[in-house]
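Remarks on the structure that follows.
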Amino acid sequence: MSRQAHPVPVSPSMLQRPVRIGIFDSGVGGLSVTQAIRARLPHAELLYAADTAHAPYGDRSEEFLCDRSERIARFLCDQGAQMIVVACNTATAAAVARLRAGSPALPLVGVEPGVKPAVALSAARRVGVLATTRTLASEKFRKLAEAHADGATLVLQPCPGLADAIEAADAQGNGLDVLVERYCAPLRDAGVDVAVLGCTHYVFARALFERALPGVRLVDTAEAIARQTARFAADLVERGEADADSAAGPALRAWSSGSPQVLADFAHRWLDLRLVVQDIHC
Ligand code: DGL
């Protein structure tokens, strides 16, 4: 067999890169979304950033959250992310419009409280929404509620301190029950039959919410976000900008602006995930 005289021409498919998805949150909450994305896109490369040095986001100003979100999204793109998932309801409410305006060509998935599916599930037409103070006070949430309440009563419950407490809790949720009980009592009194976990951190306390709200169905949006992320990833593959089937590097890389060890320990404790976490300074 003769050797080729000329180099093999580079075809568009050879230029493809694996789908590389940047995901961020104020801390560990976005790991709940990351798990759902991993299950749906096992061959994608996931780049996770936790802005722990500036957490919790729930009590921050909109301007501050826009600035942090822009910096972190830029950092993830510099690491090669081809799309961004804002795995934080609070940052989405404050900053997703600004991120979209700043990078119109960048596929961007945001997270918002699952008011629409919750209202559809509620026979009592009474739905509780548990989220951060900032999310519930945002214009984006006001519009979401207006568009999807469909005449049902929404009982809004801000949960200051809960995201922080989850960051620090052990995998049994010890120490969280008092706060969860405090925030669930008004929902029980109001007779809701569905409650939205409107912060990605709260998914880790699901068992405690179930105990505090017997008979109430809990709605979170991790699955819906993973589906939307998979649709965007499929578009990248279709446009020849990514390859769905080959992860070149480690499937999940992580950074923290706070203590890398805290994020690594949480991932190990709650998800049995061994994460190598690096520092970010941005
Ligand atoms: N995990 C975030 C959310 O979904 C915010 C938690 C916080 O930092 O206050 O809203």
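Throughout, the working numbering is defined as the position within the sequence shown, counted from one, plus 1299. Note that the Cβ used here is the ideal one computed from N, Cα and C, for glycine as well. Being a predicted model, the structure only gives us computed values, none of them experimental.
Short note on residue 1490: C-beta not closer than 8 Å to any heavy atom of the ligand DGL.
Separation of residue 1413 and residue 1522 (C-alpha to C-alpha, rounded to the nearest whole angstrom) is 11 Å.
Close CB contacts of residue 1555 within its chain, under the 6 Å cut and outside five residues either way in sequence, are with 1349, 1351, 1562, 1576 (chain order). Look at residue 1357: its beta carbon is less than 8 Å from one of the heavy atoms in the ligand DGL. When secondary structure is reduced to three states using DSSP, residue 1462 falls in the helix class. Residue pairing from DSSP places residue 1348 in a beta bridge opposite 1323, 1554. When C-alpha distances from residue 1539 are compared across 1494, 1345, 1381, the shortest belongs to 1381. Nearest to residue 1466 by C-alpha distance, out of 1317, 1329, 1322, 1408, is 1329.
Per DSSP, the unbroken beta strand (DSSP E) holding residue 1455 starts and ends at 1452-1457. At a threshold of 8 Å, residue 1556 does not count as near the ligand DGL, since its beta carbon sits no closer than that to any of the ligand's heavy atoms. Beta bridge pairing from DSSP links residue 1516 with 1493.
If you draw a straight line from the Cα of residue 1461 to the Cα of residue 1527, it is about 27 Å long. The Cβ atoms of residue 1408 and residue 1384 lie closer than 9 Å to each other. Distance from the C-beta of residue 1410 to the nearest heavy atom of the ligand DGL is below 8 Å.
The Cβ neighbour count for residue 1411, taken over all protein chains shown within 10 Å, is at least 16; the residue is labelled buried. Relative to the ligand DGL, the beta carbon of residue 1333 is positioned no closer than 8 Å to any heavy atom. Distance from the CA of residue 1321 to the CA of residue 1401, rounded to the nearest whole angstrom, comes to 16 Å. Under the 10 Å beta carbon count, residue 1420 is surrounded by fewer than 16 other beta carbons and is classified as exposed.
A Cβ-Cβ separation of about 12 Å leaves residue 1388 out of contact with residue 1458 under the 8 Å criterion.
Counting only residues of its own chain and dropping the five nearest sequence neighbours on each side, residue 1336 has a CB closer than 6 Å to the CB of 1525, 1528.
With a 10 Å radius around the Cβ and a threshold of 16 neighbouring Cβ atoms, residue 1441 comes out exposed. DSSP lists no beta-bridge partner residue for residue 1477.
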